[in-house]
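Some notes on the structure that comes next.
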Amino acid sequence: MENLLEKIATCIEFGKINKAAPFPPDMKGEDGADELTQQAIEKGIAPGEILSNGLMPGMERVGVKFRENKVFVPQVLMSAKAMSAAMLHLKPFFATGAAGRKGTFIIGTVEGDLHDIGKNLVAMMVEGNGYEVIDLGTDVKAEKFIETAEKYPNSVIGLSALLTTTMANMEKIVKSVKERNADRKVCIGGAPVNQDFCDKIGADSYNPDPQGVVEFLNTLAS
Amino acid sequence: MKSVKPEHFRFNISDLDIATSDIEKMARIGDEMPSYDDFLLYELDLLNNNTKIEGGYIIQPGQIISDEIHINNHIFKAGKEVTHFLRKMNHAAIFICTAGKEVSERARQLNNEGHLLEAYLLDVLGSVIVEQAMDKMQNIIKNRLYEKGLKITNRYSPGYCEWNVIDQQLLFSFFPNDFCNVTLTESCLMQPAKTVSGIIGAGQEVTFHKHVCHLCNSINCIYRNTLERKN
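So the sequence lines, in the order shown, correspond to chains A and B. For the record, in the first sequence the residue sitting at position 218 is 218 according to the UniProt record's numbering, with numbers rising by one throughout. For the record, in the second sequence the residue sitting at position 156 is 156 according to the UniProt record's numbering, with numbers rising by one throughout.
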């Protein structure tokens with residue numbers, strides 16, 4: 001069983017989607033995340049276990065490599081695609097409650113900013129690590145974050161910005177969220193943001209990379 | 001303000017000298033990954049038939065006062081960093097240039113179909129299209145001003161450094177409504193997304209810099225990545 005889960009983790013890490021996929025070249029012709037996940041279900045491995053001990057470690061490894069500049073956006077997207085192929089087998093079980101999620105994460109690029117590549121990477125990585133992700137898209141106002149968060153009482157909000165000038169909107173959103181519910185956790189990220197800014201605006205966590213967001217959420221979930 | 005008619009240009013994909021290998025490099029498609037050359041050629045061909053790449057500019061007298069750009073009694077609060085590079089200008093070319101909506105729509109479609117990497121490549125392609133078109137237009141502006149004895153600066157845009165995107169409203173007031181089919185959202189973002197706007201300074205003593213990455217804090221910019229790997 002461990003061997004099968006490890007194989008799934010390897011497929012996710014290296015973006016091996018299915019047997020037909022030519023990438024990565026050294027895994028050509030081998031079963032991918034798609035087939036191996038199906039096999040794991042057929043062997044009776046619990047969906048939650050496949051997620052926790054197969055898919056999530058794979059995404060974690062690619063997240064760490066991305067942080068360390070050992071891989072770039074395309075490789076992470078390949079991993080996300082492999083993850084999606086595996087999740088197609090698991091989603092019916094999640095829908096019936098046969099496997100739990102670790103929490104809910106609401107993410108969006110702040111008002112005044114349309115950049116979404118970084119935000120999408122965080123969303124994929126967080127989802128790949130066992131959380132439900134609600135992606136509000138780009139150019140999102142404070143009211144939308146608050147309204148969505150109220151539907152998911154223990155959810156955590158993630159704010160992304162690329163433009164220096166939209167950092168002010170990030171501050172405005174954090175303030176509005178905290179005024180409404182001081183206990184709501186908000187994490188921030190994006191090129192112009194840093195820990196000092198995070199401290200200044202009263203956000204709960206700053207992370208320079210997607211894996212950092214996962215680690216922050218894990219501390220809250222544990 | 002709108003009585004000055006902007007110069008308007010249309011570009012074809014084939015005008016823009018886009019190499020698919022450059023798109024792959026900018027997107028950081030690794031050597032071990034499959035080639036996306038055929039995919040990109042196919043997409044370029046599709047876009048060549050249906051996308052509207054266009055732009056325009058107007059030239060007005062203008063100057064820097066303190067940290068502001070003053071053009072026709074309009075004041076752009078561009079901030080210290082941007083105005084430092086424009087400080088000797090006595091004219092300004094105000095520009096808008098767009099790759100059209102089709103490239104972003106196609107990226108969205110691919111993303112929704114689960115083709116994440118292909119969608120990312122389209123996003124990069126959209127950025128390259130608009131920047132290449134803008135390079136062409138900048139060259140036209142440069143040549144036109146050169147005839148008048150003026151040199152140009154690099155181009156600078158609201159949203160970068162300390163220049164707030166709210167100044168897009170002011171910038172757009174120099175153009176007719178829906179010029180090049182570009183509109184502003186309530187929060188001053190341009191639609192289509194793959195659009196650039198900004199100001200190029202002009203004057204006898206202004207300086208053009210080869211690149212200005214040190215001005216920008218975007219660590220994942222495709223252009224910065226490309227430059228860093230060349231150095």
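Glycine included, each C-beta is placed from N, C-alpha and C at the ideal position.
Can you grab the Cα-Cα spacing for the pair residue i / residue j, in whole Å?
i                : j                : result
Leu110 (chain B) : Asp123 (chain B) : 10 Å
Tyr131 (chain A) : Gly103 (chain A) : 5 Å
Ser187 (chain B) : Glu30 (chain A)  : 49 Å
Lys52 (chain B)  : Met190 (chain B) : 16 Å
Lys19 (chain A)  : Glu35 (chain A)  : 7 Å
Lys43 (chain A)  : Asn53 (chain A)  : 15 Å
Phe23 (chain A)  : Thr138 (chain A) : 31 Å
Phe105 (chain A) : Phe93 (chain A)  : 20 Å
Glu32 (chain B)  : Val71 (chain A)  : 11 Å
Met78 (chain A)  : Ala33 (chain A)  : 11 Å
Tyr185 (chain B) : Glu111 (chain A) : In the sequence as displayed, the identity of residue 185 (chain B) is Thr instead of Tyr. Going by the C-alpha atoms only, they are around 10 Å apart.
Met59 (chain A)  : Lys7 (chain A)   : 13 Å
Asn207 (chain A) : Val62 (chain A)  : 16 Å
Phe85 (chain B)  : Thr153 (chain B) : 7 Å
Arg106 (chain B) : Leu121 (chain B) : 11 Å
Lys210 (chain B) : Asn90 (chain B)  : 21 Å
Does the beta-carbon of residue i have 16 or more other beta-carbons within 10 angstroms, so that it is buried, or is it exposed?
i                : result
Gly56 (chain B)  : buried
Phe36 (chain B)  : First, the residue type needs correcting, since residue 36 (chain B) is Tyr and not Phe in the sequence shown. Tyr36 (chain B) is buried by the Cβ-count criterion.
Lys175 (chain A) : exposed
Gly203 (chain B) : buried
Leu5 (chain A)   : buried
Pro153 (chain A) : exposed
Leu51 (chain A)  : buried
Ile65 (chain B)  : exposed
Ser157 (chain B) : buried
Arg28 (chain B)  : buried
Please confirm if residue i has its CB atom under 8 Å from at least one CB of chain A.
i                : result
Gly56 (chain B)  : no
Asn48 (chain B)  : no
Asn90 (chain B)  : no
Ala202 (chain B) : no
Glu162 (chain B) : yes
Ala99 (chain B)  : no
Per DSSP, which one or two residues make a beta bridge with residue i?
i                : result
Ile69 (chain B)  : B:Ile64, B:Phe76
Phe9 (chain B)   : B:Gly55
Arg155 (chain B) : B:Ile200
Gln191 (chain B) : B:Thr183
Gly108 (chain A) : A:Leu159
Phe95 (chain B)  : B:Tyr57, B:Gly198
Gly186 (chain A) : Note on residue identity: the sequence assigns Val, not Gly, to residue 186 (chain A). Partner(s): A:Ile157.
Val140 (chain A) : A:Val110
Should residue i be counted as a contact of the ligand PLP given a C-beta to heavy atom distance under 7 Å?
i               : result
Gln63 (chain B) : No copy of the ligand PLP appears in this structure; indeed no ligand is present at all.
Along chain A, in chain order, which residues have C-beta atoms closer than 8 Å to that of residue i?
i               : result
Ile29 (chain B) : Pro74
Ala78 (chain B) : Those within 8 Å of Ala78 (chain B) in chain A number zero; the least Cβ separation is about 11 Å.
Quick one: which chain B residues come within Cβ less than 7 Å of residue i?
i                : result
Asp139 (chain A) : Thr185, Ser187, Leu189
Met78 (chain A)  : Leu117
At a CB-CB cut-off below 9 Å, which residues of chain B make contact with residue i?
i               : result
Lys81 (chain A) : Gly114, His115, Leu116, Leu117
Name, please, each residue of chain A whose Cβ falls closer than 7 Å to the Cβ of residue i.
i                : result
Glu105 (chain B) : The contacting residues do not exist; Glu105 (chain B) stays about 14 Å from chain A at best.
Gly159 (chain B) : Leu163, Thr165
Met33 (chain B)  : Phe23, Pro74
Ala19 (chain B)  : Neighbours of Ala19 (chain B) on chain A: none; closest Cβ ~18 Å, over 7 Å.
Determine whether the Cβ of residue i lies closer than 8 Å to any Cβ atom of chain B.
i                     : result
Thr219 (chain A)      : no
Phe145 (chain A)      : no
Ser222 (chain A)      : no
Phe66 (chain A)       : no
residue 246 (chain A) : Missing from the structure shown is residue 246 (chain A); chain A here goes from 1 to 222 and no further.
Kindly list, in the order they appear in chain B, the residues whose Cβ is closer than 8 Å to that of residue i.
i                : result
Gly158 (chain A) : Result: empty, since nearest Cβ-Cβ is about 17 Å, beyond 8 Å.
Since residue i meets chain A, which of its residues come closer than 9 Å, beta carbon to beta carbon?
i                : result
Val165 (chain B) : Gly112, Asp113, Leu163, Thr165, Thr166
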